[in-house]
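Residue numbers (this note's numbering): -6 to 650.
Glycine included, every Cβ here is placed at the ideal spot set by N, Cα and C.
Inspection log for the structure reproduced underneath, given as structure tokens.
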């Protein structure tokens, strides 16, 4: 087994600056050992060479004497610490621009994108396509690195300050796009433009082509060297980040680490996830850390979701000005070191698949809303990226529900498998709205026009026997906002949630005139598949009204019992995980995020007498995984515990017959 598939990484990334070439390397190793890190990711080449490169197209670090990278690699290996060499080919020093203008990104007006003394390169230019391979080759031949990582790989449309620079219009991009699609490059990013949709395909194909070249080059020189970046093609360690930004739109995505790790763990058998928990509050503020509670939640979610640990700061430890999170990071790394044989190889055996479409950098609001509903209701689920669905076809019947929030396209083999599966397929948002035949075959509805003039519209919560909670609470209407598609129901397809036509909503004296309509906002066909032609998840994600969650759960319960691995009184803001981690051994984990108020992270609330009854297991022993070792705890018909004094995480090993 390759080292990365052991999936026991405890990585620290020091995003070193040019001036860090003068740091005390022995002292740095001691820092890493204090953190119990077993992997270091550190700068090597690209924008700046941290080693004595012989390539005249790579900027040599003016602060470096000797061989910084070679020395830290040798000393890390001597201390049992792996090293992943970090590269950044997205920019070069500006000194190379006059001689090699064809290497670089071009804005619509033909100008390059400069940032301080660097200039942005292009994926289709000779630097990224050829010179980057020369740099990688030089490093792999010269050093026994354990892995290579590429930062900001792919098509970049904004600089470090967030200034939008648009689509690259360099001659290399123009030529390749013409050759591949017989079209000119799109002028702007517009999902309604068919040429831009071709450009999305162009970006993926050209990036995948480059990643495949890097993969083959790397393995031809050192088969034991892992390849890592923010992609899945040709990659062994799929990198992602849980980070913060001062201008990022709300709501804050508290489940970032669970989401990022869960998608890779659920989608791939031959790759591992390394989700980097960024200490910084934002790129312009790299020298201040996020709150200790948030930092812990992110790292614990990495572990609980099946990944390793990955944490990053700018520069070196000695002159980093914010040690606020250091102790808790050490505690979490120490916990993983003690129990690492149990982590990283989880089989959660869930009965719900949640399909995710889109880049991990995109918002995916419909998906996030459904994700949050399931988490809050303690319904375990497996995330599968839409590109990985074909590899999971044989597993479809293992699920009770396959949820498809705002999934725009699926392959024909996946479509055929969904038609045949025993699982209930649930689609929401604008899922497959451009694939009318697939929608009709899977869900028994014909989609008609998209309606955007919605404000003031409601849905009536009938039939009452389906939406029992609403009937019991005498809550007859739920508002509808955003866009939706009208539907014609096929024979045998039932319509739920009839529309209440909008009427005047002001002034109060004129708030009347609503009419019941024969349009339905939920459809259930003969196979019990469910289609919801509006953004139920998005509304829950952005607005949080529990009625949206209850509508979805009631619809699902009407066709099949909701699968729950346990009964519990745990608050909705306690994240629960259960997975087999060894033969006849399960790990139960809980993360207390009750201290999150939507904006600020406080110490979590004390929780007394939290109990969990496992419905599908017959435990013979239960042990808590404490910082002092395994401690037996009682389990009669349930496990009872408390979380106090700021305790964010608990984990238990459960042995079964």
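Taking 8 angstroms as the cut-off, the beta carbon of residue 3 is found closer than this to the beta carbon of residue 32. Scanning the stretch 433 to 486 from its first residue to its last, the whole alpha helix (DSSP H) runs of 4-plus residues come out as 461 to 465. It is roughly 12 angstroms from the alpha-carbon of residue 330 to the alpha-carbon of residue 622. In this structure, DSSP gives residue 1 a state outside helix and strand, which the three-state scheme calls coil. Look at the beta carbons and you see the stretch 548 to 559 touching the stretch 602 to 610: at least three pairs across the two are nearer than 8 angstroms. Looking at the DSSP output, residue 358 sits in no beta bridge, so it has no partner there. In this chain, the beta strand (DSSP E) harbouring residue 266 covers 265 to 271. Following the DSSP letters along the chain, one finds residue 255 inside the alpha helix (DSSP H) bounded by residues 249 to 260. No Cβ-Cβ contact shorter than 8 angstroms links residue 83 with residue 1.
About 28 angstroms separates the Cβ atoms of residue 390 and residue 439, ruling out a contact at the 8 angstroms cut-off. Look at residue 619 here: in three-state DSSP terms it is strand. Comparing alpha carbon positions, the residue from 313, 269, 278 closest to residue 294 is 269. Excluding sequence positions up to five before and after residue 126, its CB lies within less than 8 angstroms of the CB of 206, 207, 210, all in the same chain and listed in chain order. With respect to the 8 angstroms criterion, residue 436 and residue 516 are classified as neighbours on the basis of their beta carbons.
Scanning the stretch 98 to 178 for uninterrupted alpha helix (DSSP H) segments of 4 residues or longer gives 125 to 135, 164 to 174, listed from N- to C-terminal end. Excluding five sequence positions before and after residue 441, the CB atoms of its chain that fall closer than 8 angstroms to its own CB belong to 478, 479, 480, 481, given in chain order.
Positions of the alpha helix (DSSP H) runs, each at least 4 residues long and wholly inside the stretch 505 to 532, cannot be given because no such run exists.
For residue 398, the uninterrupted beta strand (DSSP E) segment begins and ends at 394 to 398. Just so you know, the alpha carbons of residue 547 and residue 363 end up roughly 14 angstroms apart. Taking a 10 Å sphere around the C-beta of residue 286, we find 16 or more other C-beta atoms and assign the residue as buried. By the CB criterion at 8 angstroms, residue 650 and residue 613 fall inside the cutoff. If you look at residue 209, you'll find it in the alpha helix (DSSP H) that goes 187 to 214.
Of 195, 317, 151, the smallest CA-CA separation from residue 172 is found for 195. Per DSSP, reduced to three states, the secondary structure at residue 406 is helical. A direct Cα-Cα distance of roughly 20 angstroms separates residue 204 from residue 256. Shown here, residue 284 sits in coil according to DSSP, grouped into three states, outside any helix or strand. In this structure, the CA atom of residue 343 is about 20 angstroms from the CA atom of residue 521.
When C-alpha distances from residue 528 are compared across 400, 178, 454, 555, the shortest belongs to 400.
Under DSSP, the beta-bridge partners assigned to residue 80 are 38, 143.
Contact check for residue 578 and residue 646: beta-carbon distance about 6 angstroms, within the 8 angstroms limit, so the pair qualifies.
Straight-line spacing of the CA atoms in residue 27 and residue 323 works out to 7 angstroms. Taking C-beta atoms as the reference points, residue 85 and residue 114 count as a pair closer than 8 angstroms. The beta-bridge partner set that DSSP reports for residue 646 consists of 580, 616.
For residue 549, the enclosing alpha helix (DSSP H) stretches over residues 539 to 550.
Straight across, the Cα-Cα distance linking residue 278 with residue 388 is about 45 angstroms.
When Cβ pairs closer than 8 angstroms are counted between the two stretches, the stretch 227 to 244 is seen not to touch the stretch 174 to 190, the count staying below three.
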